[in-house]
Amino acid sequence: MERNHTIMQFFEWNTPADGSHWNRLKEMAPELKKTGIDAVWLPPVTKGQSDMDNGYGVYDHYDLGEFDQKGTVRTKYGTKQQLHEAINACHEHDIQVYIDVVMNHKAGADETEAFQVVEVDPMDRTKEISEPFEIEGWTKFNFTNRKDKYSDFTWNHTHFSGVDYDNRTGRNGIFRIVGENKHWDEHVDNEFGNFDYLMYADIDYNHPDVKKEMIEWGKWLADTTGCDGYRLDAIKHINHDFIRDFAAALMEHRGDHFYFVGEFWNPQLEACQKYLDHVQFKIDLFDVALHYKLHEASKKGRAFDLTTIFHDTLVQTHPLNAVTFVDNHDSQPNESLESWVDDWFKQSAYALILLRKDGYPCVFYGDMYGIGGDHPIPGKKGALSPLLSVRREKAYGEQDDYFDHPNTIGWVRRGVPEMPHSGCAVVISNGENGEKRMLAGKERAGEVWVDATGNRQEKITIGEDGYAAFPVNGGSVSVWVQETGEN
Numbered sequence: 001m002e003r004n005h006t007i008m009q010f011f012e013w014n015t016p017a018d019g020s021h022w023n024r025l026k027e028m029a030p031e032l033k034k035t036g037i038d039a040v041w042l043p044p045v046t047k048g049q050s051d052m053d054n055g056y057g058v059y060d061h062y063d064l065g066e067f068d069q070k071g072t073v074r075t076k077y078g079t080k081q082q083l084h085e086a087i088n089a090c091h092e093h094d095i096q097v098y099i100d101v102v103m104n105h106k107a108g109a110d111e112t113e114a115f116q117v118v119e120v121d122p123m124d125r126t127k128e129i130s131e132p133f134e135i136e137g138w139t140k141f142n143f144t145n146r147k148d149k150y151s152d153f154t155w156n157h158t159h160f161s162g163v164d165y166d167n168r169t170g171r172n173g174i175f176r177i178v179g180e181n182k183h184w185d186e187h188v189d190n191e192f193g194n195f196d197y198l199m200y201a202d203i204d205y206n207h208p209d210v211k212k213e214m215i216e217w218g219k220w221l222a223d224t225t226g227c228d229g230y231r232l233d234a235i236k237h238i239n240h241d242f243i244r245d246f247a248a249a250l251m252e253h254r255g256d257h258f259y260f261v262g263e264f265w266n267p268q269l270e271a272c273q274k275y276l277d278h279v280q281f282k283i284d285l286f287d288v289a290l291h292y293k294l295h296e297a298s299k300k301g302r303a304f305d306l307t308t309i310f311h312d313t314l315v316q317t318h319p320l321n322a323v324t325f326v327d328n329h330d331s332q333p334n335e336s337l338e339s340w341v342d343d344w345f346k347q348s349a350y351a352l353i354l355l356r357k358d359g360y361p362c363v364f365y366g367d368m369y370g371i372g373g374d375h376p377i378p379g380k381k382g383a384l385s386p387l388l389s390v391r392r393e394k395a396y397g398e399q400d401d402y403f404d405h406p407n408t409i410g411w412v413r414r415g416v417p418e419m420p421h422s423g424c425a426v427v428i429s430n431g432e433n434g435e436k437r438m439l440a441g442k443e444r445a446g447e448v449w450v451d452a453t454g455n456r457q458e459k460i461t462i463g464e465d466g467y468a469a470f471p472v473n474g475g476s477v478s479v480w481v482q483e484t485g486e487n
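Next comes the structure, spelled out in structure tokens:
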């Protein structure tokens, strides 16, 4: 039978800028597979503004660490050759590779150009607060050292819809570029009136040449790297029609199995549902609503009603389109969407995404191996590895929920015959020590179960009626599995 699948986001915001990250992935591929990871989400592989750029300030989409541009050949993470070796190592261990693609904007232009703009209200981008006037903006991209290899497309101001800096006056603002067929994309998030503009030089997907070029680039990147899918960055700021067409073109080119997950950072379930409809369910979405629920639960402690943890989440309504996660590079401390799940609840949060039947869970590198920078946070490999092991070996079969107490919830996975000794019983508390009487199954009478997390040391014997009272420490999680010689 098919095993459970798990993604790892293989970077955090403060990943060292030593050019060695692709080598780290190559070396760690065997360990990742053994841990239960069978897909990795890589950071952007394209050339940014410098060798320190995390990749989200993308300069040249066709430079994967091959050309001497922006003062460096390699990207923050390594060279093109090292990237190929890392992807090959993943594939040798049956690990899929999803590349983070940044298509909303371009950064680090080579030259300025003069063009007409109108300034808009930052709080309502549909509201113009000036007459048209001329600015000097960073919109000319020459890619001189690439010499038209792979693509001879030259970006200029006609290919962008907005910028945020006038080089002539040194003034910041949000400036919409004016001209024929120039306007904000309509099919974008409606925050700030229209959230087409996010940062840098905003790519204009109303321009037919831009659409054609970016779809051709998407095909080229997939062919060049041999990757298995894309993580689509900042899609609420990109024309939804383009995302639909981009996904369709890539699936036609690479096959229907080519995978997409989009970062649609909106916790409103209705907005996510509308987006999935708009793109014809060609992509999955990260379950931002669940992330915020986990964050809220970690902050409120016992005041949070655990029976509501999945209410109004994507995994509850669209389980086949939800990529569940606890934290990521944007939600980690001091970053743009900071909403870090507190340490005491982290293991419980991961149990909620790893050990249930619904959703495609993603484990954050920073949670597993730690976060660097000025305020380092240790990794929680010791807490997460047992959960990954249970997901790989035990968390199969029918799911019975016991969401009947605001501070203590549980569920049982019944197991399947194809996976010997499979099945598990999970109990989570955000209050005092407790227990949950749950049905493991009459056929399990007399079996001895132990806590795979090690949080509880006793052994539990399943009763003749198939039930047992499974204990849990206060503010903790216990994952009960059948005792075997291996545990």
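FYI, in the UniProt record's numbering the residues of the sequence shown are 1 to 487. Idealized CB from N, CA, C, for every residue including glycine.
Contacting residues, own chain, Cβ-Cβ under 7 Å from residue i (five flanking each side not counted)
i: R74; result: G19, D51, G65
i: F160; result: T139, I177, A201, D202, I203, D204
i: R391; result: N4, T6, G36, L354, L355
i: P30; result: H93
i: G301; result: N430
i: T72; result: S50, D51
i: I371; result: E12, N14, Q332, I377
Near the ligand GDP: residue i beta-carbon under 6 Å from a heavy atom
i: W411; result: For the ligand GDP, the structure offers nothing, since it holds no ligand at all.
Neighbour-count burial assignment, residue i, 16 or more Cβ in a 10 Å radius
i: R24; result: buried
i: G78; result: buried
i: M214; result: buried
i: W344; result: exposed
i: G170; result: exposed
i: M28; result: buried
i: Q332; result: buried
i: H310; result: The question names His, but residue 310 is Phe in the sequence shown. By the 10 Å Cβ count, F310 comes out buried.
i: L388; result: buried
i: F133; result: exposed
i: E111; result: exposed
i: H61; result: buried
i: H237; result: buried
i: A114; result: exposed
i: M1; result: exposed
i: K381; result: exposed
i: G48; result: buried
i: K76; result: buried
i: N88; result: exposed
i: K147; result: exposed
i: H375; result: exposed
i: residue 526; result: Since the first residue shown for the chain is 1 and the last is 487, residue 526 is missing from the structure and cannot be characterised.
i: E393; result: buried
i: K106; result: buried
i: N334; result: exposed
i: V416; result: exposed
Residues that residue i bridges to, as DSSP identifies them
i: G229; result: Y98, Y259
i: P471; result: E435
i: V477; result: I428
i: Q399; result: R413
i: Q9; result: W41, F364
i: Q482; result: W449
i: W155; result: F141
i: F160; result: I203
i: E136; result: A114
i: K47; result: D60
Other residues of its chain near residue i: CB distance less than 8 Å, five sequence neighbours each side excluded
i: D233; result: P44, Y56, D100, V101, V102, M103, N104, E263
i: S336; result: D330
Contact set for residue i: own chain, Cβ-Cβ below 6 Å, skip 5 residues either direction
i: A247; result: F260, K282, I283
i: V448; result: K459, T461, E483
i: K182; result: none
i: V163; result: G137, F175, A201
i: K212; result: none
i: E398; result: R414
i: E119; result: I129, S130, G173, F175
i: R231; result: W41, Y98, D100, V261
i: D121; result: K127, I129
| task | Output the residue ranges of the beta strand (DSSP E) runs that lie fully inside the stretch 331 to 377 and measure 3 residues or longer, sorted by chain position. | result | 362 to 364
| said: Give the list of continuous beta strand (DSSP E) stretches no shorter than 3 residues that lie fully inside the stretch 60 to 123. | reply: 96 to 101, 111 to 121
| said: Does the contact criterion of 3 or more C-beta pairs under 8 Å hold for the stretch 292 to 302 versus the stretch 238 to 257? | reply: no
| Segment contact flag, the stretch 462 to 473 with the stretch 431 to 446, C-beta cutoff 8 Å, min 3 pairs | yes
| Does the stretch 345 to 363 come close enough to the stretch 270 to 279 that 3 or more CB-CB pairs lie under 8 Å? | no
| For the 8 Å Cβ check, are there 3 or more pairs between the stretch 79 to 94 and the stretch 212 to 228? | yes
| request: Spell out a yes or no on whether the stretch 360 to 368 and the stretch 315 to 329 are touching, meaning 3 or more CB-CB pairs, one atom from each, closer than 8 Å. | output: yes
| message | My parser needs the alpha helix (DSSP H) runs of 4 or more residues fully inside the stretch 15 to 42; what are they? | response | 21 to 35
| message | Measuring CB atoms only, is the stretch 405 to 417 touching the stretch 373 to 387, in the sense that at least three cross pairs come out at less than 8 Å? | response | no
| said: If we require 3 or more residues per run, which beta strand (DSSP E) segments fall completely within the stretch 164 to 210? | reply: 171 to 177, 201 to 203
| field | Complete runs of the alpha helix (DSSP H) confined to the stretch 244 to 297 [at least 4 residues] | value | 269 to 278
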